[in-house]
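In our numbering, the protein residues as written are 709 to 1218.
Even glycine gets a Cβ: it sits at the ideal position worked out from N, Cα and C.
A short worksheet on the structure shown next.
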Amino acid sequence: MYRQAQWSEPVIFSLGKAGRVGHILPSVEEDVKKAVGDLYGLIPEKMRRENPLRLPELSEPEVVRHFMRLSEMNYGVDSGIYPLGSCTMKYNPKINEALANMPTIGLVHPYQDERTVQGILEILYKLERWLAEITGTAEVCLQPAAGAHGEFLGACLIRAYHKHKGELGKRQDILIPDSAHGTNPASAAMAGFNVVVIPSNDNGCVNVEALRAAVSDKTAGLMLTNPNTLGIFEQNIEEIAKIVHNAGGLLYYDGANLNPILCKVRPGDMGFDIVHINIHKTFGTPHGGGGPGAGPIGVSEELAKFLPVPRIVFDGKSYRLDYDRPHTIGKIRGFYGNVAVLVKAYAYILSLGFDGLKEVAEVSVLNANYVLHKLKALDGLTLPYNSEKPKKHECVFSVKPLKNKTGVSALNIAKRLLDYGVHAPTIYFPLIVEEALMIEPTETFEKEELDRFVEAIREICREAQTNPEKVLKAPYNTAISRLDEAKASHPKTMALSWRMYQKKQAAANP
Ligand SMILES: Cc1ncc(COP(=O)(O)O)c(C=O)c1O
């Protein structure tokens, strides 16, 4: 069993005391002063701050204690198994963090003269080439800051392509399977397209007949992840590509599930025209809490001219930023993307090499099928969609039979798992599986840790049969027990910051 630390730790704004100092910044050197002049005077008067910023005032030990306590009430991928399906939460080698933190990386500025940042430009250029090789695409753009951001860029590229051909007026439909992640339809809609949902067949793959019936001269493209969110590799991918291409549409690859096929097969070779890569899933960056991440896009030769600027180019001697791209869709993000995250990916790929990446894919599939095999034997869990077929990186169980019999739902299992020191798997996704538990063990957890996870689920299923009340009220061992989920997410009651909380409290108690 697990027991999380419980501190009644206030927010940092209510710690410390006015006038207390944690760090004193060095004063500006005379020669800098001389070269730059009066810094304050450089800020236009109407933009100057009228009151000092309301920052907490604390000593260094207070800051350290505060964050240490918070970290003790946290659970991360370095604490234990984190089988969050669709998210590839894996161990991130610390050497990559150390490299990204080197002053020669961390302290360079995007406005520096190109001649003074040749090293980082070389890293980014080479990373683009490696990702192009891994995905089977012609060119890669590193700018997007997340998978969903990459999807949005991809959808904008689909627009640019059809606009260039003079067909945007009629090509307004993006086709998306019903097993897709919610960001796919959201990205397509944000780029101005209509979303057409394609049902899955009994094997959990795209229903090819339904796809054939849905394509038309209105089709702008299809967004697909392969293997899909059920962990199933689309057997008919070549046929799917042919149907979409013959209709004049483009094929978009959601790369959230690239991990299990790394260096085995390439989306470009399957017929995809645009591919996004979730760097923070596949290439080793911690991505809990929403970021920072990176969602580079790879594209076919035909689409490369539409990519955002600047492009990093190499003339055999030096690297340069090229803004002169007449067909570019413009910029999608400031500068060149989340560079620290990209450096970690560079280090990750360099340290593993082709064979190492291939092993990542193999072990992630092996682990998923090991867990699947063990859990399949449990009473109350079923494996919808072709239960006999091995899966790729993840498996999606339904706990509907257990819920019908005991009242214990996927949510309750997820909560109770926390008491066992196991991060909960993804639940209620994909939407086509009722009471879904979506499990992705990844390659980085040992057999003993996988066994511990399986044992915890087995024990919870046993508890559900013998003492369901216990599971229904879990967790007990975490810093915070069960939250009121409606209040935590309702616009009237949720508080995204301390100031928002204070305002809501003041409004509620005038
Ligand atoms: C299948 C799939 N596609 C897209 C995304 C979006 O990626 P991001 O969270 O980096 O925006 C996710 C995120 O979990 C995902 O699982």
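Exercise. Compute the distance between the beta-carbons of Ala-1076 and Gly-939, then report whether it is under 8 angstroms.
Key: Yes, the Cβ-Cβ distance between Ala-1076 and Gly-939 is below 8 angstroms.
Practice problem: Go through its chain and collect everything with a Cβ distance to Lys-1013's Cβ below 6 angstroms, but skip five positions before and after it. | Solution: Its chain contains His-1035 as the residues whose beta carbon lies nearer than 6 angstroms to that of Lys-1013, once the 5 sequence neighbours on both sides are disregarded; these appear in chain order.
Quiz item: Pick from Glu-1167, Thr-990 and Tyr-748: whose alpha carbon is nearest that of Glu-1151?
Solution: Minimum Cα distance to Glu-1151 is reached at Thr-990.
Quiz item: Between Ala-1132 and Leu-1125, which are expected to be in contact by the criterion C-beta below 8 angstroms, what is the C-beta distance as a whole number of angstroms?
Solution: Right, their Cβ atoms sit about 5 angstroms apart.
Quiz item: Would you report the Cα separation of Arg-867 and Lys-1097, rounded to the nearest angstrom?
Solution: Cα to Cα, Arg-867 sits roughly 38 angstroms from Lys-1097.
Quiz item: Nearest to Pro-1109 by alpha carbon, out of Glu-1102, Cys-1103 and Ser-1117?
Solution: The option with the nearest alpha carbon to Pro-1109 is Ser-1117.
Quiz prompt | contact_flag[the segment 1035–1051, the segment 971–984] where n(CB pairs < 8 angstroms) is 3 or more | solution = No, because fewer than three Cβ pairs between the segment 1035–1051 and the segment 971–984 fall closer than 8 angstroms, the two stretches do not touch.
Practice problem: Hey, could you find the ends of the beta strand (DSSP E) Met-931 is sitting in? | Solution: Unbroken beta strand (DSSP E) run through Met-931: 927–932.
Quiz item: Pick from Pro-852, Pro-1149 and Ser-1026: whose alpha carbon is nearest that of Gly-1042?
Solution: With respect to the C-alpha of Gly-1042, the residue from Pro-852, Pro-1149 and Ser-1026 having the closest C-alpha is Pro-852.
Exercise. Could you check how far apart the C-beta atoms of Ala-922 and Phe-901 are, in whole angstroms? I think they sit under 8 angstroms.
Key: Not really, about 14 angstroms apart at Cβ, beyond 8 angstroms.
Quiz item: What did DSSP end up calling Thr-891 once you bin it into helix, strand or coil?
Solution: The answer is helix: DSSP assigns Thr-891 an H, G or I state.
Quiz prompt | At least 3 beta-carbon pairs within less than 8 angstroms: the segment 871–887 vs the segment 929–938 | solution = The segment 871–887 and the segment 929–938 touch, with no fewer than 3 CB-CB distances between them shorter than 8 angstroms.
Quiz item: Along the chain, where does the alpha helix (DSSP H) that runs through Arg-777 open and close?
Solution: Element bounds for Arg-777: 768–780.
Quiz prompt | Close beta carbons around Gln-826, own chain, < 8 angstroms, minus the five adjacent residues each side | solution = Only Ser-1026 and Tyr-1027 meet the Cβ criterion.
Practice problem: Could you say if the segment 844–862 and the segment 999–1013 meet the contact criterion of at least three C-beta pairs nearer than 8 angstroms? | Solution: For the pair of segments examined, the segment 844–862 was found to touch the segment 999–1013: the number of CB pairs separated by less than 8 angstroms reaches three.
Quiz item: Is it right to say Ala-808 is buried, meaning 16 or more other beta carbons lie within 10 angstroms of its own, or is it exposed?
Solution: By the neighbour-count rule (16 or more Cβ atoms within 10 Å), Ala-808 is buried.
Self-check item: Any non-hydrogen atom of ligand 1 within 7 angstroms of Cys-795 CB
Solution: Within the cutoff, so yes.
Self-check item: Ala-1132 Cβ short of 7 angstroms to ligand 1 heavy atom set
Solution: No, since every heavy atom of ligand 1 falls outside the 7 angstroms radius drawn around the Cβ of Ala-1132.
Quiz item: Under a Cβ-count criterion, where at least 16 other Cβ atoms within 10 Å of its own Cβ denotes burial, should His-988 be classed as buried or exposed?
Solution: His-988 should be labelled buried.
Quiz item: In the DSSP assignment, what residue or residues form a beta bridge with Leu-958?
Solution: Answer is Gly-929.
Practice problem: Please report the Cβ distance between Val-916 and Leu-883, rounded to the nearest whole angstrom; I am assuming they are in contact, meaning their Cβ atoms lie under 8 angstroms. | Solution: Rounded, the Cβ-Cβ distance is 12 angstroms, inconsistent with contact.
Quiz prompt | Uninterrupted beta strand (DSSP E) stretches inside the segment 746–831 (no shorter than 3 residues) | solution = With a minimum length of 3 residues, no continuous beta strand (DSSP E) run stays inside the segment 746–831.
Exercise. Check whether the Cβ atoms of Leu-723 and Pro-764 sit closer than 8 angstroms, and answer yes or no.
Key: Contact flag set, yes.
Quiz item: Between which two residues does the beta strand (DSSP E) carrying Tyr-1027 extend?
Solution: For Tyr-1027, the uninterrupted beta strand (DSSP E) segment begins and ends at 1027–1030.
Quiz item: How about Lys-1181 and Arg-1190: do their beta carbons lie closer than 8 angstroms?
Solution: A contact, by the Cβ cut-off of 8 angstroms.
Quiz prompt | CA nearest to the CA of Ser-767, picked from His-1101, Ile-1188 and His-731 | solution = Of the listed residues, the one whose Cα sits closest to Ser-767 is His-731.
Exercise. Flag this pair as touching only if the segment 1162–1179 and the segment 1084–1095 have three or more C-beta atom pairs under 8 angstroms; answer yes or no.
Key: A contact exists between the segment 1162–1179 and the segment 1084–1095.
Quiz item: So Glu-1300 packs on Cys-913, CB below 8 angstroms; how close in whole Å?
Solution: Examination of residue 1300 is not possible in this model, given that the chain is present from 709 through 1218 alone.
Practice problem: Determine the DSSP secondary structure at Asn-967, reduced to helix, strand or coil. | Solution: Residue state, collapsed to three classes: helix.
Self-check item: Bridge partners - Asp-881, DSSP secondary structure assignment
Solution: Answer by DSSP bridge pairing, in chain order: Asn-902 and Thr-927.
Quiz item: Cβ-heavy atom distance between His-1101 and ligand 1 below 7 angstroms?
Solution: Not so, every heavy atom of ligand 1 lies at least 7 angstroms from the Cβ.
Practice problem: Look up Ile-1165 in the DSSP assignment and say whether it is helix, strand or coil. | Solution: Ile-1165: helix per DSSP, three-state reduction.
Quiz item: What three-state label does DSSP hand Met-978 in the structure shown?
Solution: It is helical.
Exercise. Tell me whether Phe-1022 sits in a helix, a strand or coil according to DSSP, three-state version.
Key: Three-state result, Phe-1022: strand.
Quiz item: For ligand 1, is there a heavy atom less than 7 angstroms away from the beta-carbon of Ala-1118?
Solution: At a threshold of 7 angstroms, Ala-1118 does not count as near ligand 1, since its beta carbon sits no closer than that to any of the ligand's heavy atoms.
Practice problem: May I ask which residues mark the beginning and end of the beta strand (DSSP E) holding Phe-991? | Solution: Neither: Phe-991 is in no beta strand (DSSP E) and is coded neither H nor E.
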